[in-house]
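Line order of the protein sequences matches chains A and B.
Just so we're on the same page, my numbering is the position in the first sequence counted from 1, plus 35.
Just so we're on the same page, my numbering is the position in the second sequence counted from 1, plus 34.
Ideal placement from N, C-alpha and C gives every residue a C-beta, glycine not left out.
In what follows, a structure is listed as structure tokens, so that the remarks can point back to it.
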Amino acid sequence: GSMIPVVINTWPFTNATQNAWNTIYFKKKSALDAVEKGCTTCEYEQCDGTVGYGGSPDENGETTLDAMIMDGMTMNVGAVAALRRVKSAISVARHVLEHTEHSMLVGDQATAFAISMGFKEETLETNASQEIWEQWKESSCQPNFWVNVKPDPTKFCGPYKPDTNIARKQGNNPKQRSVFSDKNHD
Amino acid sequence: TIGMVAIDAAGRIAAGTSTNGAKFKIAGRVGDSPIPGAGAYADGTVGAAAATGDGDVMMRFLPSYLAVEEMRRGSSPSYAGEVAIKRIVSYYPEFVGAIVVLKSDGNYGAACHGLPSFQFSVCNSQLGQVTVQTVECV
């Protein structure tokens, strides 16, 4: 009935939903096409700085991308992780799905695959992402994801070495706090 | 991150994610988004789900897979999402994240934790236009 077709996405990224809806309803294309189009929209628009190039720099200031697409009819999957220097992560994932028997490619090898499939290699850093990274360094690299290392990662930047005394004392406890929010998420 | 689920006019179901991950992650870190069952999952006989939040935690619980399996047991999409979120919270009370869940008949729901509320975006013929909906977190 009128409940189908349908597209839903996390967060109020309405342009992504609209483009996915246009793909599935007006252009009569597949659910896979709609998901690819919707995610591509967010990659292009850099939704909330959490999708696509120019966001979420790592400790070295580099932006890398993760994406996955799954066909629920065949259970086929294509994914890329820590994809470097290629903007169209979900489309590269679609190529993994359609042109390989694998499920996931990672890092520089995923980049090489993307280039071989015709995708452009270019930087994912922007002035904005570099500014975010510089401010983080000026804030003594806070917050970060290190535990049981020295120097104290809650106060200082790395490089870090294992602090075996702390590890023995505290063990491997679950997280007590989260840096994740509506503007910093996977 | 964007996580998306869809059913087309032929009833085919798909799911996907795209993200640049966590700010200031250790180089090489990958979150849940590219992992089937964690960031998203789809089973044409049941439905699909897509999760968002703390990927280091979510990838340990496969919330999207769990939500789809909960629907396979007969649960509604909203309840299936709550089950998946509560499973994580039982181990990580400070967990921040959310999930959207879609059943093969077009019914859908969402659940979240650690946020004031969670907004997601949806469109079907009944709504007639893209609509942002909000759920209160568990």
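Quiz item: Can you tell me whether DSSP reads S52 of chain B as helix, strand or coil?
Solution: Residue numbering aside, residue 52 of chain B sits at position 18 when the second sequence is read from its first letter. Correct three-state label for S52 of chain B: strand.
Self-check item: Three-state secondary structure assigned by DSSP to Y142 of chain B
Solution: One-based indexing of the second sequence puts residue 142 of chain B at position 108. It is a strand residue.
Practice problem: Identify every residue that forms a DSSP beta bridge with I60 of chain B. | Solution: Here residue 60 of chain B corresponds to residue number 26 of the second sequence, with the count starting at 1. Bridge partners of I60 of chain B: none, in fact.
Self-check item: Within chain A, partners of L100 of chain B - CB distance below 9 Å
Solution: Within the second sequence, the letter at position 66 stands for residue 100 of chain B. Near L100 of chain B there are no residues of chain A at all, since even the closest Cβ is about 15 Å away, more than 9 Å.
Self-check item: Residues within the segment 73 to 95 of chain B neighbouring chain A, beta-carbon criterion of under 9 Å
Solution: Listed by position along the chain: G73, A74, Y75, A76, D77, G78, T79, V80, G81, A82, A84, A85, T86, G87, D88, G89, D90, V91, M92, M93.
Practice problem: Would you grab the beta carbon distance between T35 of chain B and T52 of chain A for me? Rounded to a whole angstrom, and I think it's under 8 Å. | Solution: Position 1 of the second sequence, counted from the first residue, corresponds to residue 35 of chain B. Position 17 of the first sequence, counted from the first residue, corresponds to residue 52 of chain A. Under the criterion of beta carbons closer than 8 Å, T35 of chain B and T52 of chain A do not qualify as touching, at roughly 15 Å.
Quiz item: Using the beta-carbon of each residue, which ones in chain B are nearer than 8 Å to Q53 of chain A?
Solution: By 1-based counting over the first sequence, the position of residue 53 of chain A is 18. Near Q53 of chain A (Cβ distances below 8 Å), the residues of chain B are C157, V164.
Quiz prompt | Closest Cα partner of V127 of chain A within the set A:E166, A:G153, A:E136, A:D106 | solution = For the purposes of this step, residue 127 of chain A is identified with residue 92 of the first sequence, where counting begins at 1. It is A:G153.
Self-check item: Contact list for N111 of chain A against chain B, beta-carbon separation under 8 Å
Solution: Looking up residue 111 of chain A in the first sequence gives position 76. Within 8 Å Cβ-Cβ: nothing; N111 of chain A doesn't reach chain B, min ~10 Å.
Quiz item: Could you give the C-beta distance for G65 of chain B and D93 of chain A, rounded to a whole number, given that I count them as a contact under 8 Å?
Solution: Taking the first residue of the second sequence as 1, we reach residue 65 of chain B at position 31. Taking the first residue of the first sequence as 1, we reach residue 93 of chain A at position 58. About 12 Å; that fails the 8 Å criterion.
Exercise. Closer than 8 Å by beta-carbon distance: list the chain A residues that pair up with K59 of chain B, in chain order.
Key: In the second sequence, residue 59 of chain B corresponds to position 25, counting from 1. Within 8 Å Cβ-Cβ: S91, D93, E94, F180.
Exercise. Find the residues of chain A that neighbour R46 of chain B, judging by a C-beta separation of less than 9 Å, and give them in chain order.
Key: In the second sequence, counting from the first residue as 1, residue 46 of chain B sits at position 12. Ordered by position in chain A, the residues that pass the 9 Å Cβ test against R46 of chain B are S65, A66, L67, D106, G107, M108.
Quiz item: Do V112 of chain A and L132 of chain A have their CB atoms nearer than 8 Å?
Solution: Along the first sequence, one-based indexing puts residue 112 of chain A at 77. Along the first sequence, one-based indexing puts residue 132 of chain A at 97. Contact annotation: V112 of chain A and L132 of chain A have beta-carbon atoms nearer than 8 Å.
Exercise. Return the CA-CA distance between N162 of chain A and A132 of chain B, expressed in angstroms with no decimal places.
Key: Translated into the one-based positions of the first sequence, residue 162 of chain A becomes position 127. Translated into the one-based positions of the second sequence, residue 132 of chain B becomes position 98. For N162 of chain A and A132 of chain B, the distance between alpha carbons rounds to 30 Å.
Quiz item: Along the chain, where does the beta strand (DSSP E) that runs through V131 of chain A open and close?
Solution: Mapped onto the first sequence, residue 131 of chain A falls at position 96. Judged by DSSP secondary structure, V131 of chain A falls outside any beta strand (DSSP E) and instead within the alpha helix (DSSP H) spanning 124 to 134.
Quiz item: By how many angstroms is the C-alpha of P70 of chain B removed from the C-alpha of T189 of chain A?
Solution: For the purposes of this step, residue 189 of chain A is taken as the residue at position 154 of the first sequence. For the purposes of this step, residue 70 of chain B is taken as the residue at position 36 of the second sequence. Cα to Cα, T189 of chain A sits roughly 33 Å from P70 of chain B.
Quiz item: Where does I39 of chain A fall in DSSP's three states?
Solution: Numbered from its first residue, the first sequence carries residue 39 of chain A at position 4. For I39 of chain A, the secondary structure class from DSSP, reduced to helix, strand or coil, is coil.
Quiz item: Distance, Cα to Cα, L96 of chain B vs I60 of chain B?
Solution: As a working note, residue 96 of chain B is residue 62 in the second sequence. As a working note, residue 60 of chain B is residue 26 in the second sequence. L96 of chain B and I60 of chain B: Cα-Cα distance of roughly 22 Å.
Quiz item: Which residues in the same chain have their Cβ closer than 6 Å to the Cβ of F179 of chain A, if we skip the five residues on either side of it in sequence?
Solution: To locate residue 179 of chain A, count along the first sequence from 1; it is residue 144. The identity of residue 179 of chain A in the sequence shown is Asn, whereas the question assumes Phe. Listed in chain order, the non-local C-beta contacts of N179 of chain A below 6 Å within the same chain comprise P188, local neighbours out to five positions each way being set aside.
Practice problem: Since I believe A56 of chain B is in contact with D221 of chain A (beta carbons under 8 Å), could you give me their beta-carbon distance rounded to a whole number of angstroms? | Solution: As a first step, residue 221 of chain A is located in the first sequence; it is residue number 186 there, counting from the start. As a first step, residue 56 of chain B is located in the second sequence; it is residue number 22 there, counting from the start. Confirmed, Cβ separation roughly 6 Å.
Practice problem: Would you mind stating whether V86 of chain A and P68 of chain B have Cβ atoms separated by less than 8 Å? | Solution: Within the first sequence, the letter at position 51 stands for residue 86 of chain A. Within the second sequence, the letter at position 34 stands for residue 68 of chain B. No, they are not a contact pair.
Practice problem: Helix, strand or coil for F61 of chain A, going by three-state DSSP, please let me know. | Solution: The sequence position of residue 61 of chain A within the first sequence is 26, counting from 1. If DSSP states are grouped into helix, strand and coil, F61 of chain A belongs with the helices.
Self-check item: Between the CA atoms of Q153 of chain B and A69 of chain A - distance to the nearest angstrom
Solution: As a first step, residue 69 of chain A must be located in the first sequence, where it is residue number 34. As a first step, residue 153 of chain B must be located in the second sequence, where it is residue number 119. A69 of chain A and Q153 of chain B: Cα-Cα distance of roughly 20 Å.
Self-check item: Residue-level contact to chain B via CB, H130 of chain A, 8 Å cutoff
Solution: Within the first sequence, the letter at position 95 stands for residue 130 of chain A. For H130 of chain A, the answer is no, since every Cβ of chain B falls outside 8 Å of its Cβ.
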